[in-house]
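Undergrad:
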Amino acid sequence: MKHGLMLNWLFLLLPTGVLAQTNAGQSLSVRGTLVDEQKNPVLFGNVALYQSSDSALVTGAASAQTGKFELRSKPGNYYLKISILSYRERIIPNINVVSQDVQLGVLLLKASTELLEEVVVRGEKSQMELQLDKRVINVGADLSNIGGNAAEILDNVPSVTVDVEGNVSLRGSQNVRILIDGRPSGLTGISSPDALRQLQGNLIDRIEVITNPSSRYDAEGEVGIINIILKKNKNQGVTGSFTANLGYPANYGGSFDINYRKNKVNLFSSYGFNYRSRPGYGSSYQRFTGSDSVFSYAETNRRIRGGTSHNFRVGMDYYLNEQNMLTGSLLYRRSDGRNTSRYEYQDFDERGQLVRPTLRNEQETEPQNNIEAALSYRRDFERKGRTLTADFKWIESDENEFSDYQQGDPAGTVSLRQRSGNTEDERNLLFQADYVHPFGEKGKWEAGVKSTARVLRNDFRVEQQEGESWFVLPGLDNNLVYREKIHAAYLMAGNQFRKVSLQAGLRGEFSDITTELPELTEVNQRRYFNLFPSAHLSYELTNTKALQLSYSYRLSRPGFRELLPFSGFSNARSLTVGNPNLNPEYTHSMEGGYLLNWESGSLLSSLYYRYRTGVIQRIILVDSVGFSRVFPVNLATQNAGGLEFNFSNTLQNWWRLNANFNFYRSVTSGRYQQQLLESDTYTWTSRVTSKMTFFKRWNFQAGMNYRAPQRIPQGRELASYAIDLGLSRDVLKGNGTLTLSVRDLLNTSKRRTIIEEAGYYSTSSFQWNARQILLTFNYRLNRKKDAPGREATGENEGDN
1 MKHGLMLNWL FLLLPTGVLA QTNAGQSLSV RGTLVDEQKN PVLFGNVALY
51 QSSDSALVTG AASAQTGKFE LRSKPGNYYL KISILSYRER IIPNINVVSQ
101 DVQLGVLLLK ASTELLEEVV VRGEKSQMEL QLDKRVINVG ADLSNIGGNA
151 AEILDNVPSV TVDVEGNVSL RGSQNVRILI DGRPSGLTGI SSPDALRQLQ
201 GNLIDRIEVI TNPSSRYDAE GEVGIINIIL KKNKNQGVTG SFTANLGYPA
251 NYGGSFDINY RKNKVNLFSS YGFNYRSRPG YGSSYQRFTG SDSVFSYAET
301 NRRIRGGTSH NFRVGMDYYL NEQNMLTGSL LYRRSDGRNT SRYEYQDFDE
351 RGQLVRPTLR NEQETEPQNN IEAALSYRRD FERKGRTLTA DFKWIESDEN
401 EFSDYQQGDP AGTVSLRQRS GNTEDERNLL FQADYVHPFG EKGKWEAGVK
451 STARVLRNDF RVEQQEGESW FVLPGLDNNL VYREKIHAAY LMAGNQFRKV
501 SLQAGLRGEF SDITTELPEL TEVNQRRYFN LFPSAHLSYE LTNTKALQLS
551 YSYRLSRPGF RELLPFSGFS NARSLTVGNP NLNPEYTHSM EGGYLLNWES
601 GSLLSSLYYR YRTGVIQRII LVDSVGFSRV FPVNLATQNA GGLEFNFSNT
651 LQNWWRLNAN FNFYRSVTSG RYQQQLLESD TYTWTSRVTS KMTFFKRWNF
701 QAGMNYRAPQ RIPQGRELAS YAIDLGLSRD VLKGNGTLTL SVRDLLNTSK
751 RRTIIEEAGY YSTSSFQWNA RQILLTFNYR LNRKKDAPGR EATGENEGDN
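The opening position of the sequence shown corresponds to residue 1 in this note's numbering, with each subsequent residue numbered one higher.
(1) Which word fits SER63, buried or exposed, when buried means at least 16 other C-beta atoms lie within 10 angstroms of its C-beta?
(2) What does the Cβ neighbour count give for TRP470, buried or exposed, with the cut at 16 atoms within 10 Å?
(3) Is the beta carbon of SER255 less than 8 Å from the beta carbon of TYR275?
(4) Between the region 311 to 321 and the region 355 to 365, can you find at least three pairs of beta-carbon atoms closer than 8 Å?
(5) With a CB to CB cut of under 7 Å and the five nearest residues on each side skipped, what residues in its chain are close to VAL157?
(6) Give the secondary structure of PHE695 by DSSP, where H, G and I count as helix, E and B as strand, and everything else as coil.
(7) Going by other Cβ atoms of all chains shown within 10 Å of its Cβ, with 16 needed for buried, is VAL162 buried or exposed?
(8) Counting only the same chain and skipping the five closest in sequence on each side, list residues whose C-beta sits under 6 Å from that of ARG526.
(9) Using a 10 Å radius around the Cβ and a threshold of 16 neighbouring Cβ atoms, would you call GLU644 buried or exposed?
(10) Hey, would you say LEU774 sits closer than 8 Å to ASN77, going by beta carbons?
(11) Going by other Cβ atoms of all chains shown within 10 Å of its Cβ, with 16 needed for buried, is LEU154 buried or exposed?
(12) Closer than 7 Å by C-beta to ARG697: which residues in its own chain qualify, once you throw out the five before and the five after it? Chain order, please.
(13) Pull up the distance between the alpha-carbon of VAL58 and that of TRP598, whole angstroms please.
(14) Are the region 386 to 404 and the region 422 to 434 touching, with three or more C-beta to C-beta distances below 8 Å?
(15) Distance, Cα to Cα, THR576 vs PRO558?
(16) Helix, strand or coil for ALA636, going by three-state DSSP, please let me know.
(17) Pull the bridge partners of ASP398 from the DSSP assignment, please.
(18) Start and end of the alpha helix (DSSP H) containing LEU563?
(19) Pick helix, strand or coil for LEU102, following the three-state DSSP scheme.
(20) Helix, strand or coil for GLU811? Go by DSSP, reduced to three states.
(21) Do ILE95 and LYS81 have their C-beta atoms within less than 8 Å of each other?
(22) Would you report the Cα separation of ASN530 and THR739, rounded to the nearest angstrom?
(23) Tell me which same chain residues have a C-beta within less than 8 Å of the C-beta of PRO75, skipping the five on either side of it?
(24) Apply the 10 Å Cβ neighbour rule to ASP101 and answer buried if 16 or more other Cβ atoms are within range, or exposed otherwise.
(25) Can you say whether VAL265 is buried or exposed, counting buried as having 16 or more other CB atoms within 10 angstroms of its CB?
(26) Excluding the 5 residues preceding and the 5 following PHE392 in the sequence, name in chain order all residues of the same chain whose CB lies nearer than 6 Å to its CB.
(27) When we look at the beta-carbon of SER53 and count the other beta-carbons within 10 Å, is it buried (16 or more) or exposed?
(28) Under a Cβ-count criterion, where at least 16 other Cβ atoms within 10 Å of its own Cβ denotes burial, should LEU199 be classed as buried or exposed?
(29) Quick check on this structure: which residue in PRO93, GLU89, GLU463, TYR482 has the alpha carbon closest to the alpha carbon of LEU476?
(30) Which residue's Cα is closest to the Cα of ASN583: ASN634, ARG88, SER574, ASN543?
(31) Reducing DSSP to helix, strand and coil, say where GLU299 ends up.
(32) Quick check on DSSP: helix, strand or coil for ALA151?
(33) Check whether the Cβ of HIS437 sits closer than 7 Å to any heavy atom of the ligand GTP, and report yes or no.
(34) For THR521, does the count of other Cβ atoms within 10 angstroms reach 16, so buried, or fall short, so exposed?
(35) Label GLY759 either buried or exposed according to how many other C-beta atoms from any shown protein chain fall within 10 Å of its C-beta, with 16 as the threshold for buried.
(36) Say whether the region 277 to 288 touches the region 743 to 760, bearing in mind that this needs 3 or more beta-carbon pairs closer than 8 Å, one atom from each stretch.
This is the structure in structure tokens:
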């Protein structure tokens, strides 16, 4: 383990040793100017010069604020590669430097917010592309992602962690907003952790991580936004890709995405199917010391979670004319979960002698349906950069969880039978309009409105058999109705003054939220209006260095699961419940960034700080017989800050290294029922990925995730790590790719916690997924890889 940590640190320190130096003998220059399709200069474009003979990297630079770049080299024959986030890569062949400087003139870069190829591509795309305010992760560039689901892919994203229960955290906080194509979506379902596990990664194009969003975005999400972009292509004719995978433990599936473009019509569709059976394991030991008794028990559990899932999406872009476009789409997801759990309890007396063993089994079915319809309109005015967009979306979801429980002794004698039912449904309407108006040479105004109306219903009941009849258990029969209306408007302005770029905005949101417990006739209504300012400042130090400062004020409303009075009965000795009376958290977020580009890579350093009020934390209460209840409360305040590095570098033309390191401190202070609950946590996370290409067709990748130990209220969480491997080869003349990947090679990805309170001590270990081995085949139809000497064709426009 120590060797692994040392490697992490060494990889992070590599930038100081691998920056290429300019040869003192170079005397000739290659110059040019990068512009976009609106003839605006493109800054921070990565421009690299390669030897034509062996593709060896000669030198590189980043374009300046004016879009201009200059490279110096010795005489020779070269080709130029230009790459930058949100634009298609361009290659300029046959650059002959003989006896005088070479002027390439104006070089046009085409927008590429939707990638042209299936993401399983060798060499053409970086695993992560950096901007000062956003990071874009090209999913297929990480071999361990291939064949995985959305939750597994997110766990490989720098700054993002996914715990064993599927909860997503960004920079140590779970209060992150997850969007699909820039909007709330039925694909995330009522329960985001479960929905993300059922979304096949083959349908995902890329992931955007926005750590300090502007006023253009919803104020929801303390630490920022994770935006999952689905595949959609706009090439002329028929294009597509097909994927099939099989794995161990049982993991079988397939998917396709097809696109047809002709004249004014662009049709797109995708479908994914998956069957899984995932084993998981857990164990715990709990000791209780009372005034008149001491007892303890040990628990082990084995579970298998699986079933089938289907994701279907179809849509059409219709170009009314050159300035107006309509887009309509329909999305449907169906999943049928089949889960089993087996809990074994061993109760001990005060002398540590076994009193009795108990066995508890659960059989659960979990059908779920999600449907979503969307319609959008876009108008591009004659003045470049002036646009108007309008979006309407309707989402409907329903989920049912039915469980049967049998409890008895290891010999098979059943002494207790119980069953539970949990039905959930959601209805969601969304309307949004945005307008952008440029002024001067570099400035623009932005304004927009948004309204959402959401209703969620949950009905939960636990029954126990007595004789031939079933009776509802007291206190375990309730339902919740959650109604939410949010109306928002924002105004932003930005401008650029030579090397300085400024942007400021203000967003207003009115929230009307009601939680109702009909059977208890309890109604809790909250109405509040908040203003959420944001500001961003960037300064270009040189062509390759830039600084940015940003501030935003945000809130995090409690999630639906956090509000539910009850959410599960699998482990009758440890119930996890919600709290309908939770209030939102509020966060002041500040961040400073330093971006350094060089010819073979980049380094983004970020310093951030967050001040939160009304912090939601989970509390554990234990009763006199040793049964525990876990529930969330608005605890108090939190100060959190950290330092993060994102490093990417091409060491050789066949070897690329990516590394992320995030150190943060979090100080939480509050009280619950006269009990002081404080934690002061220093911890860090890191991920290092090494990707190599052999014999032109073979790609090998090794990656390691490490999460350091940290303190939590009432205890601490121990360290964990995981190693992933991947190997791929292009086949069928480059149209297909075979990939073999192993996730969690050493089977070490576990959550281990220790809780210490007066009269109570607990240790636990839990593993949601065991090691996975996966073989994937991908075939691309009319999607060719870019090669030196030609530029890809077709248009790619984002709809997010």
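A virtual CB, placed ideally from N, CA and C, is assigned to each residue, including glycine. These figures come from a predicted structure and were not determined experimentally.
TA: So, from the data block:
(1) buried
(2) TRP470 should be labelled exposed.
(3) Not in contact: SER255 and TYR275 (Cβ atoms no closer than 8 Å).
(4) no
(5) ILE137, ILE207, VAL209
(6) When secondary structure is reduced to three states using DSSP, PHE695 falls in the coil class, being assigned neither helix nor strand.
(7) buried
(8) ILE513
(9) Label assigned to GLU644: buried.
(10) In this structure, LEU774 keeps its C-beta atom at 8 Å or more from the C-beta atom of ASN77.
(11) buried
(12) ARG729, ASP730
(13) 12 Å
(14) yes
(15) Near 15 Å, if we compare the C-alpha coordinates of PRO558 and THR576.
(16) strand
(17) For ASP398, which the question treats as bridged, DSSP gives the partners ASN369, ASP425.
(18) 560 to 563
(19) Position check: residue 102 holds Val in this sequence, whereas Leu was assumed. Strand.
(20) No answer is possible for residue 811: the residues shown for the chain start at 1 and end at 800.
(21) Contact check for ILE95 against LYS81 fails: the beta carbons are separated by 8 Å or more.
(22) 49 Å
(23) LEU28, VAL97, VAL98, SER99
(24) exposed
(25) exposed
(26) LEU375, PHE431
(27) Exposed, because fewer than 16 other Cβ atoms sit within 10 Å of the Cβ of SER53.
(28) buried
(29) GLU463
(30) Nearest option by C-alpha distance: ASN634.
(31) strand
(32) Collapsing the DSSP output to three states places ALA151 in a helix.
(33) The model depicted lacks the ligand GTP and carries no ligand whatsoever.
(34) exposed
(35) exposed
(36) yes
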